[in-house]
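FYI, in numbering that gives the first Met the number 0 the residues of the sequence shown are 0 to 373. Cβ atoms here follow ideal geometry from the backbone N, Cα and C, with glycine treated the same way. Worksheet for the structure shown next.
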Amino acid sequence: MMQSSQRGFTMVEIMVGLVVGMLGTLIVAQAFTNNEARKRTTTSGGDAQANGAIALYMLERDTKMAGWGMTASPKSYVGCSNIFAYCDKSADCGGKEGALTDVNFAPALIKDGGDGPDSISVQYFADPSQSSYQPSGSTTIRRAMPQPSAELDVANAAVCQDGDLALVSQAGNCTIMKITEVQAQASKLQHNSGAGGSYNPPASYFESGANAWPKYPAGASVTCFKPANGHPIFRKTYSVNTATKQLERSDNSQAPAVTNELVMSEVVDMQAEYGVAPAGSQTIDTWVSAASSPWKEPSWSDWQRIKAIRVAMVTRGVQYERPKSADKGCTATTALSSSWAAFKTDKYPSDWGCYRYRVFETVIPLRNVIWGKI
0 MMQSSQRGFT MVEIMVGLVV GMLGTLIVAQ AFTNNEARKR TTTSGGDAQA NGAIALYMLE
60 RDTKMAGWGM TASPKSYVGC SNIFAYCDKS ADCGGKEGAL TDVNFAPALI KDGGDGPDSI
120 SVQYFADPSQ SSYQPSGSTT IRRAMPQPSA ELDVANAAVC QDGDLALVSQ AGNCTIMKIT
180 EVQAQASKLQ HNSGAGGSYN PPASYFESGA NAWPKYPAGA SVTCFKPANG HPIFRKTYSV
240 NTATKQLERS DNSQAPAVTN ELVMSEVVDM QAEYGVAPAG SQTIDTWVSA ASSPWKEPSW
300 SDWQRIKAIR VAMVTRGVQY ERPKSADKGC TATTALSSSW AAFKTDKYPS DWGCYRYRVF
360 ETVIPLRNVI WGKI
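What follows is the structure in structure tokens.
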């Protein structure tokens, strides 16, 4: 009988096998690393693309509606070079006592952010969430007001309702009052101070003579409209929170008014400019920055010339890409370039180059302004 022998692997064979296995593992690991890097780049770019598309859609939708309700005739707010408004500290007019200095009737306004992002505010005379609106009721004063706090003796009191705001205007002066009682048979509108009259100053406000509000003569225009929450005019404001990298919106058409609600994350910059037409024209012939005079605080004659706004927005992906060299840091792989906007990347965080970015541009026509020939 033959005795069977058992053979195993020699040390050399084992070592060769280990080397081959290690080489295979390195190749697979390298392939996985490269694939993961490509996936992160693609995902990051896709995130930036989606964030920008959604954020710009929201902004564009609301901005196109600027001036909603302001096209009602007669346009009594046009020519309001001096606006008189008051709040008695009630929440429905803003919560502060005294003259309101932030009231204007510009459909859209840009606030220049200096080296940082700009912000855009759009305004309406009616709730923009409603698909239709009733034109503001309008009438005229029949008898001259003996004092600024006097009742309004009008031609037709039925055009207004209790709780409406009345805009009384003539010769460049415009006063906002809150209607506390409509006397239809007597054709009078009461705008008493106290309960229910948050926008109406008390008689003592005028006694010292320091607050010289106008007394309107016969023939002055009276236009009634519904107030927003905390402000006479419906307003939506878009701004970029540089700390959280979020596009935020404040909206006083909601009850209670919403402040700085999240619209979209990973938005790092937004620049805007006015499209301006010559007086009496609807054709834009120049683009101007809100940082230059007189567009920093445009008067009523200036904002009537604003027919569009152009916006450049920068978004980034959520994926952080490690720097290739710890001592040199990240180098931006995408240039933040725009056909007109300048982005101050030196003001961005030091690691801003470790992310993927997208730059979006659009021109937003103010349709209600153009159609209404404001």
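Would you grab the beta carbon distance between residue i and residue j for me? Rounded to a whole angstrom, and I think it's under 8 Å.
| i | j | result |
| --- | --- | --- |
| Val239 | Leu188 | Actually they are not in contact, since the Cβ atoms of Val239 and Leu188 sit about 43 Å apart, beyond 8 Å. |
| Gln122 | Ile232 | 5 Å |
| Asp61 | Lys235 | 5 Å |
| Lys177 | Ser203 | That pair is no contact at about 18 Å. |
| Gly66 | Gly371 | 7 Å |
| Ser120 | Asn155 | That belief does not hold up - the Cβ atoms of Ser120 and Asn155 are roughly 33 Å apart, past 8 Å. |
| Asn199 | Asn191 | 6 Å |
| Val77 | Trp299 | 7 Å |
| Ser376 | Leu166 | Examination of residue 376 is not possible in this model, given that the chain is present from 0 through 373 alone. |
Rounded to the nearest angstrom, what separates residue i and residue j at their Cα positions?
| i | j | result |
| --- | --- | --- |
| Ile283 | Arg309 | 12 Å |
| Met0 | Phe8 | For Met0, the predicted model reports a pLDDT of 48, less than 50, meaning its position is unreliable; a value from the coordinates is still stated below. Approximately 26 Å between the Cα atoms of the pair. |
| Gly208 | Ser220 | 25 Å |
| Asp268 | Pro364 | 21 Å |
| Ile109 | Val368 | 16 Å |
| Val266 | Ala52 | 11 Å |
| Thr139 | Arg355 | 59 Å |
| Cys353 | Glu320 | 5 Å |
| Arg248 | Tyr347 | 22 Å |
| Gly218 | Arg141 | 6 Å |
| Ser252 | Ser128 | 8 Å |
| Ser264 | Phe205 | 48 Å |
| Ser148 | Ala194 | 15 Å |
| Gln281 | Ile373 | 9 Å |
| Thr100 | Asp350 | 41 Å |
| Asp301 | Ser291 | 13 Å |
| Met64 | Thr174 | 25 Å |
| Ala227 | Leu335 | 39 Å |
| Leu55 | Gly20 | 52 Å |
| Thr361 | Phe224 | 32 Å |
| Arg366 | Phe124 | 15 Å |
| Glu296 | Ser288 | 11 Å |
| Val262 | Val15 | 60 Å |
| Thr241 | Pro293 | 27 Å |
| Met10 | Leu22 | 18 Å |
| Glu12 | Gly316 | 49 Å |
Among the options, which residue has its Cα nearest to the Cα of residue i?
| i | options | result |
| --- | --- | --- |
| Thr179 | Gln169, Leu164, Ser89 | Leu164 |
| Leu246 | Thr314, Gln281, Asn210, Val167 | Thr314 |
| Glu260 | Trp351, Gly16, Met57, Met21 | Met57 |
| Asn50 | Lys372, Gly371, Trp370, Phe359 | Phe359 |
| Asp250 | Ser338, His230, Gln146, Lys95 | His230 |
| Ala183 | Ser168, Phe205, Leu151 | Leu151 |
| Met144 | Gln48, Val77, Gln169 | Gln169 |
| Gly136 | Cys329, Ala211, Met69, Glu206 | Met69 |
| Cys86 | Ala98, Gly78, Tyr76, Ile13 | Ala98 |
| Pro213 | Lys74, Gly316, Gly23, Asn172 | Asn172 |
| Thr222 | Trp286, Pro255, Ala157, Ser148 | Ala157 |
| Ser118 | Met312, Ser338, Met21, Leu22 | Met312 |
| Ala374 | Ile13, Asp126, Met21 | Because the chain is modelled from 0 through 373, residue 374 falls outside the range shown and cannot be assessed. |
| Arg357 | Gly20, Gln29, Gly45 | Gly45 |
| Val181 | Gly193, Glu12, Gln160 | Gln160 |
| Lys244 | Val19, Ala47, Val11, Ala28 | Ala47 |
| Ser386 | Gln270, Val18, Lys225 | Lying outside 0 to 373, the shown extent of the chain, residue 386 is not represented and no answer is given. |
| Tyr215 | Val77, Thr361, Gln146 | Gln146 |
| Gly94 | Ala256, Gly20, Glu12 | Ala256 |
| Pro201 | Thr258, Trp294, Glu96 | Glu96 |
| Thr258 | Ala242, Tyr237, Thr241 | Tyr237 |
Does the CB of residue i have a neighbour CB from chain C at under 8 Å?
| i | result |
| --- | --- |
| Ser120 | The displayed structure is made up of one protein chain only, and chain C is not part of it. |
Per DSSP, which residues does residue i bridge with? Please list them.
| i | result |
| --- | --- |
| Val19 | Note: Val19 sits in no beta bridge, so no partner. |
| Arg309 | Glu272, Val362 |
| Cys92 | None, per the DSSP bridge assignment. |
| Cys86 | Gly97 |
| Thr285 | Val275 |
| Ala209 | DSSP, once it has assigned bridges, lists no residue as partnering Ala209. |
| Ser292 | DSSP lists no partner for Ser292. |
Do the region 289-307 and the region 272-281 make contact, defined as three or more Cβ pairs closer than 8 Å? A contact exists between the region 289-307 and the region 272-281.
For the region 109-120 against the region 339-359, do three or more pairs of beta-carbon atoms, one drawn from each stretch, fall closer than 8 Å, so that the two count as touching? Touching, yes, given that three or more Cβ pairs across the two stretches are closer than 8 Å.
Check whether the region 99-108 touches the region 79-86, counting contact only when three or more Cβ pairs, one atom from each stretch, lie closer than 8 Å. By the C-beta criterion, the region 99-108 is judged to be in contact with the region 79-86, since at least 3 inter-stretch pairs fall below 8 Å.
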